[in-house]
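Visitor: Take a look at this one; I'll ask things after.
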């Protein structure tokens, strides 16, 4: 029998979100019902609210979540009621052309729950990134629920489900940061600081944090930045070159996703260096670069999808690093809030006042 829960819903483009009753069906084949304990407020949720990702309103927002499995549907193996999980928005299908080639982190047919959650009047809700976890309970595909060590508190663990994994993976998986590399990270929010932490853990010799906010730059040093550049009044390209002996960084990670930061990152690289874009751009944004520079500078220009991660492999690893005090997930949690405070949290995020507001249920 469907259960009624409170949920944060974006009813139409650009309108403030509302907390409304929603109905969650019992899990069907291959599905699990998860009682949400905590869910981070991510910039992607704001993109959904503003219609920058799609027009399938109303949206059930929230996707950086940890919780407890309450029940499982027919055919589900490896999960049982009581399991502590982090939710992933990629659940490899095992059969698409990417999975068949041994690249499940690029899965093109990622699984989601087949049944929709609805408003009380029966209107179907579109779950953000196939999760929809700004709710007391949510329904997901079994492959989206990744078991982790229950010692990690949900406010911190849930952030692995998106922002931390995206930044960490952009550095380690997509960028291939390794011992002795020089790395520059543009944008020191949650994703950028995760990339900084990952670069430090991977053995980068120098990790340069670039932002326009001194408070964020100060925080970046806590995550492992060796140098900081405030680009509000300084040319960041020249500053990074100066810090790297005049040549530029081996790997640059753009955690902002704007044309100006992408261009900065492109020229901030050493010859044959790598630029990784992990910040999500607005669909209307465009980039114009001289093709001779693209050719002449060489290297690699990459986009990082979810940190090119495999959740079943990577989520437990990041939790273990946290529990071993090598990756401070608690430092990403700026505040804890209720479901009713998501809209004010969006405003704080836009003003750059928080790394992550986290809804606790």
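Residue numbers (the working numbering): 65 to 425.
Even glycine gets a Cβ: it sits at the ideal position worked out from N, Cα and C.
(1) Rounded to whole angstroms, how far is the Cβ of residue 139 from the Cβ of residue 251, which I believe are closer than 8 Å?
(2) Can you tell me whether DSSP reads residue 126 as helix, strand or coil?
(3) So what does residue 88 bridge to, in DSSP terms?
(4) Residue 243 and residue 419 - do their beta-carbons sit closer together than 8 Å?
(5) Determine, using beta carbons only, whether residue 284 and residue 273 come nearer to each other than 8 Å.
(6) By how many angstroms is the C-alpha of residue 141 removed from the C-alpha of residue 166?
(7) Hey, is the stretch 356-369 in contact with the stretch 277-293, meaning 3+ C-beta pairs nearer than 8 Å?
(8) Quick check on residue 172: buried or exposed, where buried means 16 or more other Cβ atoms within 10 Å of its Cβ?
(9) Going by Cα to Cα distance, which pick from 301, 196, 305 is closest to residue 327?
(10) With which residues is residue 103 paired in a DSSP beta bridge?
(11) Could you have a look at residue 191 and say whether DSSP puts it in helix, strand or coil?
(12) Is residue 88 near residue 67, with beta carbons less than 8 Å apart?
(13) Using alpha carbons as the reference points, say which of 299, 185, 200, 105 lies closest to residue 70.
(14) What do you get for residue 297, buried or exposed, if any count of 16 or more other CB atoms within 10 angstroms of its CB means buried?
(15) Taking the straight line between their C-alpha atoms, what separation do you get for residue 277 and residue 95?
(16) Among the candidates 398, 404, 379, 406, whose CA atom is the shortest distance from the CA of residue 232?
(17) Alpha carbons only, please: which of 74, 396, 220 is nearest the one belonging to residue 129?
(18) Using a Cβ-Cβ cut-off of 6 Å (strictly less than) and excluding sequence neighbours within five positions of residue 410, which residues of its own chain qualify?
(19) Roughly how many angstroms lie between the CA atoms of residue 114 and residue 193, to the nearest whole one?
(20) Applying the 10 Å Cβ sphere with the 16-neighbour rule, what's the burial state of residue 359?
(21) Would you mind reading off the limits of the alpha helix (DSSP H) that contains residue 257?
(22) If you drop the 5 nearest sequence neighbours on each side, which residues of the same chain put their C-beta closer than 7 Å to that of residue 398?
(23) Using the Cβ count rule (16 or more neighbours within 10 Å means buried), how would you classify residue 76?
(24) Does any heavy atom of the ligand GTP sit closer than 7 Å to the C-beta of residue 285?
(25) Note down the Cα distance separating residue 227 from residue 120, rounded to an integer number of angstroms.
(26) Using the Cα positions of residue 407 and residue 340, report the straight-line distance between them to the nearest angstrom.
(27) With 16 other CB atoms within 10 Å as the buried threshold, where does residue 400 fall?
(28) Roughly how far, in whole angstroms, is the beta-carbon of residue 316 from the beta-carbon of residue 248, given that I think they are within contact range, below 8 Å?
(29) Taking the DSSP output, what are the residues bridged to residue 201?
(30) Starting from the C-beta of residue 81, find all residues in its chain whose C-beta is less than 7 Å away, skip the five residues before and the five after it, and write them out in chain order.
(31) Which residue from 261, 312, 103 puts its Cα closest to that of residue 290?
(32) Quick one: measure Cβ to Cβ for residue 259 and residue 234, integer angstroms, because I've assumed they're closer than 8 Å.
(33) Can you give the Cα-Cα distance for residue 324 and residue 229, rounded to whole angstroms?
(34) Rounded to the nearest angstrom, how far is the Cβ of residue 91 from that of residue 203, given a contact under 8 Å?
(35) Using CA atoms only, rank isn't needed, just tell me which of 345, 351, 309, 299 is closest to residue 320.
Guide: On the basis of the data shown:
(1) 42 Å between Cβ atoms; not a contact.
(2) coil
(3) 67
(4) no
(5) yes
(6) 22 Å
(7) no
(8) exposed
(9) 301
(10) 129, 423
(11) strand
(12) yes
(13) 200
(14) exposed
(15) 43 Å
(16) 379
(17) 220
(18) 110
(19) 15 Å
(20) exposed
(21) 254-265
(22) 418, 419, 420, 421
(23) exposed
(24) By its list of ligands, the structure shown contains no ligand whatsoever, and the ligand GTP lies outside what it can speak to.
(25) 23 Å
(26) 31 Å
(27) exposed
(28) 5 Å
(29) 99
(30) 72, 73, 74, 113, 125, 406, 407
(31) 261
(32) 5 Å
(33) 24 Å
(34) 6 Å
(35) 345
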